[in-house]
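Quick notes on the structure that follows.
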Amino acid sequence: MISTPDLAADTTSRRPAGATGSIAVWTLALMLSIAAAGIGLSMVLQSDAMLSQRYAARDRQLLYDALHGAIHILDSRRIGDTDSPHSPPMQQLLRYQNELASAGIQLTTEEISSRINPCWISPMLLEHTGLSSLLLPSWTPASLQEWRQRHEPGINPDTLLEVFTPHARDELVTLFSPACIHYADEFSLYQLCKELSPAHAGSIRSAVQDIRRNGIQVSTADLEHLLGPAAPQLLPWVTAEPLFNIHYTPAELLAGLLAHRLYAVPDPPGTLQRVLRHRTRYSIEAAELPQLLGIREDHRLLLLLGTTSRSWRITARTDRTSCTVVVMRPAAYPKANLIPAPPAHHRIVQHTLQYAALTPERGLYETW
Numbered sequence: 452m453i454s455t456p457d458l459a460a461d462t463t464s465r466r467p468a469g470a471t472g473s474i475a476v477w478t479l480a481l482m483l484s485i486a487a488a489g490i491g492l493s494m495v496l497q498s499d500a501m502l503s504q505r506y507a508a509r510d511r512q513l514l515y516d517a518l519h520g521a522i523h524i525l526d527s528r529r530i531g532d533t534d535s536p537h538s539p540p541m542q543q544l545l546r547y548q549n550e551l552a553s554a555g556i557q558l559t560t561e562e563i564s565s566r567i568n569p570c571w572i573s574p575m576l577l578e579h580t581g582l583s584s585l586l587l588p589s590w591t592p593a594s595l596q597e598w599r600q601r602h603e604p605g606i607n608p609d610t611l612l613e614v615f616t617p618h619a620r621d622e623l624v625t626l627f628s629p630a631c632i633h634y635a636d637e638f639s640l641y642q643l644c645k646e647l648s649p650a651h652a653g654s655i656r657s658a659v660q661d662i663r664r665n666g667i668q669v670s671t672a673d674l675e676h677l678l679g680p681a682a683p684q685l686l687p688w689v690t691a692e693p694l695f696n697i698h699y700t701p702a703e704l705l706a707g708l709l710a711h712r713l714y715a716v717p718d719p720p721g722t723l724q725r726v727l728r729h730r731t732r733y734s735i736e737a738a739e740l741p742q743l744l745g746i747r748e749d750h751r752l753l754l755l756l757g758t759t760s761r762s763w764r765i766t767a768r769t770d771r772t773s774c775t776v777v778v779m780r781p782a783a784y785p786k787a788n789l790i791p792a793p794p795a796h797h798r799i800v801q802h803t804l805q806y807a808a809l810t811p812e813r814g815l816y817e818t819w
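Under my numbering, the first residue of the sequence shown is numbered 452, with each subsequent residue one higher.
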């Protein structure tokens, strides 16, 4: 079943000028919207009676059916399955897109989790990978960190997007990915813990400092133990899963990760080309990554690069109407005993419906 969040608790693609709210509070609202069993997508698409009278209900119903089918296909993946353009669900989705095209509906699906999240990105990661070039010329990793610490709490997450170049904002940055226990900025992770479980934020921060100082690799199954009594509040929104799916990570980001000066990946340019060639032809399984990348099985790069995805942007269009949803898949924690393992189903966390002409000047939008 497709579920949508409570509109009062959901996020928007753009907020009014001057709107504020801490990253952690915004993230909490996003988390709750994912977890909550909301009303069906059909109710969302039919929420404005006046607009439904003004524009054809047929288009809206067609979009609802198209999106329902796409999310159902994404939900067919099993926990632990590889997400790639060659995986069975994505091949099924491609056939589904072709069927819709013959009926006059254009459906596009874009993986958007394998990108940099400005809410959690560590300035050290930006610096060591050379990805600091994605920031505007007036910004550096250090100035970003200083500004983020000075204004937390109270940062509108959308504001963080504005410190990146237009190209990065469009192609390389996302707000729809979790905080990785191994690589999230320590201060931002601490602020999140303070919002969700203030009594345990200090002990979690100490534990995170310890695992990073000693190079301990926390598995997905062990993350609950590390979080202790705060696990019910933080799982699965703090994750030990790799953040970047090697199949979908933009080549520009992948080049930076492979060139990380502390990882010593052999021949980063050659390795990048080998990965790009391989992923265009085959699905890459997690067990194949060490050999493909030329690294050990316990290499820290594998804490960043994996084979699964968390969020997708799906758009369905007719000649006069367009609807876009962002869906996220909660992580699965097979040994989590404090709370039930989260469902594998994708949850709608953002929705935009545009009527009439598909141009900002003439279109009429609903966004929440």
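Virtual Cβ for every residue (Gly too), placed ideally from N, Cα, C.
ILE632 and GLU562 have their C-alpha atoms roughly 22 Å apart. Counting along the chain, SER594 sits inside the alpha helix (DSSP H) bounded by residues 592 to 602.
Taking a contact as a CB-CB distance under 8 Å, the pair LEU686 and GLU703 does not count as one, their CB atoms being some 32 Å apart. Proximity to LEU558 across ILE799, ARG764, PRO781 and VAL800 peaks at ARG764, based on C-alpha coordinates.
Straight across, the Cα-Cα distance linking ARG546 with SER553 is about 11 Å.
Where ARG663 is concerned, the enclosing alpha helix (DSSP H) starts and stops at 652 to 664. Nearest in C-alpha terms to VAL778, of all of ILE746, LEU647, ILE662 and ILE522, is ILE522. In terms of Cα proximity to ASP609, the closest of SER573, HIS537, ASN568 and GLN805 is ASN568. Counting only the Cα atoms, PRO629 lies some 22 Å from LEU740. Within a 10 Å sphere around the beta-carbon of ARG728 sit fewer than 16 other beta-carbons, which makes this residue exposed. By the Cβ rule, the region 711 to 721 counts as touching the region 735 to 753, because three or more pairs are nearer than 8 Å. A distance of 8 Å or more separates the beta carbons of ALA508 and ILE556. Ranked by how close their Cα comes to the Cα of LEU705, the residues LEU577, GLN596 and ASP532 have LEU577 in first place. In the three-state reduction of the DSSP assignment, LEU713 falls in the coil class. Given a length threshold of 4 residues, each whole run of the alpha helix (DSSP H) inside the region 715 to 764 is given here in chain order: 719 to 732 and 740 to 744. The DSSP-derived three-state label of GLN668 is coil.
DSSP links CYS631 through a beta bridge to THR690.
By alpha-carbon distance to SER535, the top candidate from THR803, ASN696 and VAL716 is ASN696. DSSP places THR533 outside any beta strand (DSSP E), giving it a letter other than H or E.
Distances from the CA of LEU756 to each of THR775, GLY581, LEU709 and PRO781 were compared; the closest alpha carbon is that of LEU709.
The C-beta of SER573 has 16 or more other C-beta atoms within 10 Å across all chains shown, which makes the residue buried. In the three-state reduction of the DSSP assignment, SER589 falls in the coil class.
If you look at CYS570, you'll find it isn't in any alpha helix (DSSP H); DSSP assigns it neither H nor E. Less than 8 Å separates the beta-carbon of THR759 from that of GLU692. If you draw a 10 Å sphere on the C-beta of GLY531, you find fewer than 16 other C-beta atoms in it, and that means exposed. LEU587 and TRP598 have their C-alpha atoms roughly 14 Å apart. Taking the Cα of LEU544 as reference, the smallest distance to any Cα among GLN805, ASN607, ARG798 and THR766 is reached at THR766. With 16 or more other Cβ atoms from the protein chains shown falling within 10 Å of its own Cβ, HIS651 counts as buried. Collapsing the DSSP output to three states places LEU518 in a helix. In this structure, HIS537 sits away from TYR699, with a CB-CB distance that is not shorter than 8 Å. Here LEU804 carries a strand assignment [DSSP, helix/strand/coil]. In the three-state DSSP reduction, THR610 falls in the helix class (H, G or I).
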